[in-house]
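Student: Per the numbering used here, the very first residue in the sequence shown carries number 417; after that it's consecutive. The beta carbon of each residue, even a glycine, is placed where N, CA and C say it ideally should be. Here you go, one structure.
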Amino acid sequence: MKNFALIGAAGYIAPRHMAAIKATGNRLVAAYDPFDSVGIIDSHFPEAFFFTEFERFDRHFDKLRRAQSDEAIDYVSICSPNYLHDSHIRFALRSGAHVICEKPLVVNPWNLDAIAQIELETGRKVNSILQLRLHPSIISLREKIRGGTLETKLNVDLTYVTSRGRWYMQSWKGVEKKSGGIMANIGVHFFDMLHFLFGELQESSVHLRHDNRAAGYLEYEHARVRWFLSVEIDDLPEAIRATGQRTYRSILIDGEEFEFSGGFTDLHQRSYEEVLAGHGFGIDDNRQAINTVAAMRRCELTAAGEAHPFVA
Ligand code: NAD
417 MKNFALIGAA
427 GYIAPRHMAA
437 IKATGNRLVA
447 AYDPFDSVGI
457 IDSHFPEAFF
467 FTEFERFDRH
477 FDKLRRAQSD
487 EAIDYVSICS
497 PNYLHDSHIR
507 FALRSGAHVI
517 CEKPLVVNPW
527 NLDAIAQIEL
537 ETGRKVNSIL
547 QLRLHPSIIS
557 LREKIRGGTL
567 ETKLNVDLTY
577 VTSRGRWYMQ
587 SWKGVEKKSG
597 GIMANIGVHF
607 FDMLHFLFGE
617 LQESSVHLRH
627 DNRAAGYLEY
637 EHARVRWFLS
647 VEIDDLPEAI
657 RATGQRTYRS
667 ILIDGEEFEF
677 SGGFTDLHQR
687 SYEEVLAGHG
697 FGIDDNRQAI
707 NTVAAMRRCE
717 LTAAGEAHPF
727 VA
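Put into structure tokens, the structure is as follows:
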């Protein structure tokens, strides 16, 4: 049984990590969050220590390590805001633990080199949650694409509208320096998936870039992709909105819908199983998507050439 600590325990995604720690037969021994609304811990690990001050969390962590306690922490799961990930990763590695960190692993590409250096120095591993790479339909599509003999590139339209309330722009998620912006915070899963499916990136342009929506064109070895991301309910197709749904996710490949709406439920648990078996996605697995997004944040907008149909 491995001992876990959790940073960012009061947030939206933290309970999925608690559930995954439990489902894989491990235990949460300590949790930290400056915000103390963490009653959810009782549903999983009521005996875990909880801290609202980093220094007290650090002291506890270090005490367990020095005493070689059977509660000494083996893994730190990181669910804090994106711009804090690299700092929390450094803390965990230097404290002698492996890491399981939420996406995006870091906001800026140069942070990857810094944590890679500390990974080397400490001999501890950084693992990231790239759960779409574990989705069964995505894996089988990849096998088809990579194993087949595609003569021409696939034409792909990726649309992801996941409407958020007004709170979103008031929180760290709406602040580009903290979240990386919509392309990093909402899109990075999909940009990683595109690379995973279609190979190396060859070309990129951005047609639309706002806090609440963005769109562009990406060309990979095996596909030409028009993409659109939004957190605005007004961008939902009318038929979807009429059903009361707040999210629309579509991947059209050569005009045919790629069905992958099911199979999402246990992907955090699957991610933990892979990490614990020594097959976690490491720093280098994150490079392409983080570089892609960082470049898209900086590049000049181009007049729509290969624009997604939602770009007016
Ligand atoms: P959230 O805002 O709900 O939770 C973040 C938590 O971090 C909050 O409880 C906050 O109090 C805490 N926090 C703030 N400053 C901190 C600090 N200095 N030290 C420690 N904790 C601090 O956000 P969320 O939606 O749970 O997102 C957390 C992470 O998970 C983000 O990186 C996000 O991108 C990622 N995420 C991943 C998925 C996925 O499907 N894999 C889904 C949602 C979010």
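Taking residue 583 as part of the alpha helix (DSSP H), name the residues at either end of that continuous run.
Tutor: Its alpha helix (DSSP H) spans residues 583-586.
Student: Per DSSP, which one or two residues make a beta bridge with residue 492?
Tutor: 421 and 515, per the DSSP bridge assignment.
Student: Go through the region 494-582 residue by residue and report every complete run of the alpha helix (DSSP H) that reaches 4 residues or more, in order.
Tutor: If we require 4 residues or more, the alpha helix (DSSP H) runs fully inside the region 494-582 come out as 501-510, 526-538 and 552-563.
Student: How is residue 632 classed by DSSP in three states: helix, strand or coil?
Tutor: Residue 632: strand per DSSP, three-state reduction.
Student: Helix, strand or coil: how does DSSP classify residue 459 here?
Tutor: Residue 459 falls in the helix class under three-state DSSP.
Student: Can the beta-carbon of residue 514 be found less than 8 Å from the beta-carbon of residue 479?
Tutor: Contact flag unset, no.
Student: Taking 7 Å as the cut-off, does the CB of residue 603 come closer than this to any heavy atom belonging to the ligand NAD?
Tutor: Residue 603 Cβ: outside cutoff for every heavy atom of the ligand NAD.
Student: Are there three or more Cβ pairs, one per stretch, closer than 8 Å when the region 705-714 is compared with the region 550-564?
Tutor: The answer is no - the region 550-564 does not touch the region 705-714, with fewer than three Cβ pairs under 8 Å.
Student: Below 8 Å CB to CB, which residues in the same chain sit around residue 685 once its five sequence neighbours on both sides are set aside?
Tutor: Closer than 8 Å at Cβ, skipping near neighbours: 435, 436, 439 and 440.
Student: In this structure, how does DSSP classify residue 690 when only helix, strand and coil are distinguished?
Tutor: Correct three-state label for residue 690: helix.
Student: Is the number of C-beta pairs between the region 494-503 and the region 517-524 that are closer than 8 Å three or more?
Tutor: The region 494-503 is in contact with the region 517-524.
Student: Mind checking which residues open and close the beta strand (DSSP E) that includes residue 743?
Tutor: Absent from the model: residue 743. The displayed extent of the chain is 417 to 728, so no value can be given.
Student: If distances are taken between C-alpha atoms only, which option among 507, 529 and 445 comes closest to residue 485?
Tutor: Answer by Cα proximity: 445.
Student: Determine the extent of the beta strand (DSSP E) in which residue 640 is found, giving its start and end residues.
Tutor: Element bounds for residue 640: 639-646.
Student: Who are the near neighbours of residue 639 in its chain, counting only those whose CB is closer than 6 Å to its CB and skipping five residues on each side?
Tutor: Cβ within range, chain order: 569, 570, 572 and 614.
Student: Within the region 652-684, note down every full beta strand (DSSP E) run reaching 3 residues or more, in order along the chain.
Tutor: For the region 652-684, whole beta strand (DSSP E) runs of length 3 or above, ordered along the chain, are 663-669.
Student: Here's the rule I'm using: 16 or more other beta-carbon atoms within 10 Å means buried, otherwise exposed. How should residue 589 be labelled?
Tutor: Label assigned to residue 589: buried.
Student: Using 7 Å as the cut-off, classify the Cβ of residue 464 as near or not near the heavy atoms of the ligand NAD, replying yes or no.
Tutor: No.
Student: Less than 8 Å between the CB atoms is what I'm expecting for residue 645 and residue 584, so what's the real figure, rounded?
Tutor: Actually they do not touch by this definition, with Cβ atoms about 13 Å apart.
Student: Grab me the residues of residue 508's own chain with a C-beta within less than 6 Å of its C-beta, minus the 5 sequence neighbours each way, in chain order.
Tutor: Correct list, in chain order: 492 and 515.
Student: What residue range is occupied by the uninterrupted alpha helix (DSSP H) comprising residue 604?
Tutor: It spans 604-614 - the alpha helix (DSSP H) in which residue 604 sits, taken as one unbroken run.
Student: Under the criterion of a Cβ to heavy atom distance below 7 Å, does residue 586 qualify as lining the ligand NAD?
Tutor: For the ligand NAD, not one heavy atom lies less than 7 Å from the Cβ of residue 586.
Student: I believe residue 448 touches residue 473 by the beta-carbon criterion, under 8 Å. Please report the beta-carbon distance rounded to the nearest angstrom.
Tutor: Between residue 473 and residue 448 the Cβ distance is about 4 Å, and since that is below 8 Å, they are a contact.
Student: Is there at least one non-hydrogen atom of the ligand NAD closer than 7 Å to the beta-carbon of residue 692?
Tutor: Because no heavy atom of the ligand NAD lies under 7 Å away, the Cβ of residue 692 does not count as near it: no.
Student: Among the candidates 548, 705 and 695, whose CA atom is the shortest distance from the CA of residue 678?
Tutor: Cα-wise, what sits closest to residue 678 is 548.
Student: Are residue 528 and residue 699 touching if we call contact CB-CB under 8 Å?
Tutor: Yes, Cβ-Cβ distance for residue 528 and residue 699 is below 8 Å.
Student: Work out the CA separation of residue 422 and residue 466 for me, nearest whole Å.
Tutor: Using only the alpha carbons, I get a separation of about 9 Å.
Student: Return the bridge partner residues of residue 446 from the DSSP annotation.
Tutor: For residue 446, which the question treats as bridged, DSSP gives the partners 421 and 465.
Student: Look up residue 697 in the DSSP assignment and say whether it is helix, strand or coil.
Tutor: Of the three classes helix, strand and coil, the one that applies to residue 697 here is strand, per DSSP.
Student: Beta-carbon within less than 8 Å of residue 671's beta-carbon, same chain only, minus the 5 sequence neighbours each way: which residues are those?
Tutor: 571, listed in sequence order.
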